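To keep things clear, I will list the structure first and then write my remarks on it.
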Amino acid sequence: MIRPPRHPVARLVAIVSPAVVLAIAVAQVVFSRVAGPSGPGRGPTVAVPRAGQSDWVVDHSRYVSRAMSGPAPVLFLGDSITRGWLGPALDGNDRRLNRLWLGRFASRRAANFGMDGDHVEHLLWRIRHGELPRIEPELIVLLIGTNNIGLDPPQEIAKGVVAVVDEIRRRCPGSLILVMGLLPRGTTLGHGQPPISLAPDPRIAAINRLLEPLADRPGVAFLDIGDRFIGPDGLLNRRLQPDLLHLSSEGYALWADALEPMVRLLVGPPPEREHASPGERPLRPGLASGSGSGSGPIDPDPAPHPGPPSG
Numbered sequence: 001m002i003r004p005p006r007h008p009v010a011r012l013v014a015i016v017s018p019a020v021v022l023a024i025a026v027a028q029v030v031f032s033r034v035a036g037p038s039g040p041g042r043g044p045t046v047a048v049p050r051a052g053q054s055d056w057v058v059d060h061s062r063y064v065s066r067a068m069s070g071p072a073p074v075l076f077l078g079d080s081i082t083r084g085w086l087g088p089a090l091d092g093n094d095r096r097l098n099r100l101w102l103g104r105f106a107s108r109r110a111a112n113f114g115m116d117g118d119h120v121e122h123l124l125w126r127i128r129h130g131e132l133p134r135i136e137p138e139l140i141v142l143l144i145g146t147n148n149i150g151l152d153p154p155q156e157i158a159k160g161v162v163a164v165v166d167e168i169r170r171r172c173p174g175s176l177i178l179v180m181g182l183l184p185r186g187t188t189l190g191h192g193q194p195p196i197s198l199a200p201d202p203r204i205a206a207i208n209r210l211l212e213p214l215a216d217r218p219g220v221a222f223l224d225i226g227d228r229f230i231g232p233d234g235l236l237n238r239r240l241q242p243d244l245l246h247l248s249s250e251g252y253a254l255w256a257d258a259l260e261p262m263v264r265l266l267v268g269p270p271p272e273r274e275h276a277s278p279g280e281r282p283l284r285p286g287l288a289s290g291s292g293s294g295s296g297p298i299d300p301d302p303a304p305h306p307g308p309p310s311g
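The sequence shown begins at 1 in UniProt numbering and counts up by one.
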C-alpha cells in the first residue's frame, strides 16, 4: 500500500558524527583485508567496500552523515549513472541537467547516493554500513549492476541486485523500492574496456529478464526504460548516451519523465519555485573516469573522457 510522506525533512548536519568516523575506520580496516575485484571469494552477493579508494570512503562518509540527519522523500542509489544527475552533463549542457535535477528532484528534497564505479557488492556494503538510517524515503530508485558486466555472469549479477533489494527492505520496510532495469550499453572487448560498438550488449537484457520478477514482491516495482535509448535500427542512440554508457542531459530528461508519475504519486508535484536542497548540490566537479580495475568510474581525478569503461 502506498502511503503519503511521513515526516518533514530534517536539516542536514554540518559536522561529521561519531558514527561517520566509525564507518570510515571500519572501511579502512576492511580495505586492507579485502581481495581485489578478480580475487577469490568475491562476487555480487559478497558485500565489500571499494579497496584502496580513499575518495570512496570520503563520499561514503558524506552519505552516512546525510542518512543520519533525517528523512528524504526520494533516494537514488547506484553508481556513476545515478550520480551523473549531479553533473556535469556529458553533452556539455550543464544548465539543462542542473535545472532538471533541481526542478524535478532536489526541490522535492531528494538525496542522491550514487557512487562512481560501484559494483553491486559495493552498494550492498554501503547499505549495511550506515547509508539508510533515519532517511525513511517514500521512494528508493535503485540502478546498479552495469559495472559487474564482464566480471560476473548475468545470473550472479541479478542475485546481487536481489540481495540489495532484500537489504533495503529490511532497513526501509515502509519504502517503495523501484528497481530500474539496467540501461543499455555498447558492447566491449572485455571487462573494464570502454564500449566500442553501437550494438547493445545482450547481457543487459539477460539481467533485466532476471530482475523483472522482483515486481511480484510487495513494496517493489520494476521499470525498464532501455528501449527508449535504442533507435529503430536496434542500435544505441549517441544523442542519449554519447559514450555508449553514460547519459547526456537529454538521456536524464528521458529518465526523469519516466520517474515522474511515481514520484508525483508518492511525494506530490514539485514546488513551483525550483530550489536546491541543502547539501544535495553536486558533490564533485566532474563525471569520474574508470577505476584502475576497470570497474567504471571512480577516479581521484573526476574528469570526463570519451569512453569510460563502466557506470
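Here a beta-carbon is modelled for each residue, glycine too, at the ideal position from N, C-alpha and C.
On a predicted model such as this, the values are computed, not experimentally measured, just so you know.
Per the Cβ contact rule, the stretch 252-270 is not in contact with the stretch 197-205 (fewer than 3 Cβ pairs under 8 Å). Sequence-distant partners of V220 (beyond 5 residues in either direction) whose C-beta falls short of 6 Å from its own C-beta, in its chain, are I177 and L214. D166 counts as exposed, since fewer than 16 other C-beta atoms from the protein chains shown sit within 10 angstroms of its C-beta.
Pairing P133 with R108, the inter-Cα distance amounts to about 19 Å. Shown here for G181: same chain residues with a beta carbon closer than 6 Å to its own, the five before and five after excluded, namely N208, D224 and G226 in chain order.
DSSP places S54 inside the alpha helix (DSSP H), whose first and last residues are S54 to S69. In the structure shown, the three-state DSSP call for V141 is strand. For A258, the uninterrupted alpha helix (DSSP H) segment begins and ends at S249 to V267. Within the same chain, S248 and E250 come within 7 Å of R239 by CB-CB distance, once the 5 residues on both sides are set aside.
Per DSSP, reduced to three states, the secondary structure at V48 is coil, with no helix or strand assignment. The C-alpha of E272 is placed about 44 Å away from the C-alpha of H191.
Under the rule that a run must span 3 or more residues, the beta strand (DSSP E) segments found entirely inside the stretch 211-240 read 220-223. Counting every other CB atom within 10 Å of its CB across the protein chains shown gives S61 a total of 16 or more, marking it as buried.
Using a Cβ distance threshold of 8 Å, L245 and R185 count as a contacting pair. Per the coordinates, the alpha-carbon of L235 lies some 21 Å from the alpha-carbon of G145. CA-CA distance, S69 to E136, rounds to 11 Å.
Around the CB of E138, 16 or more other CB atoms lie within 10 Å, so the residue is classed as buried.
Of the candidates I149, C172, P49 and R228, I149 places its Cα closest to the Cα of D201.
Looking at V263, E260, G268 and P242, the one whose alpha-carbon comes closest to that of A89 is P242.
The beta carbons of V74 and V141 sit about 7 Å from each other, so the pair counts as a contact at 8 Å.
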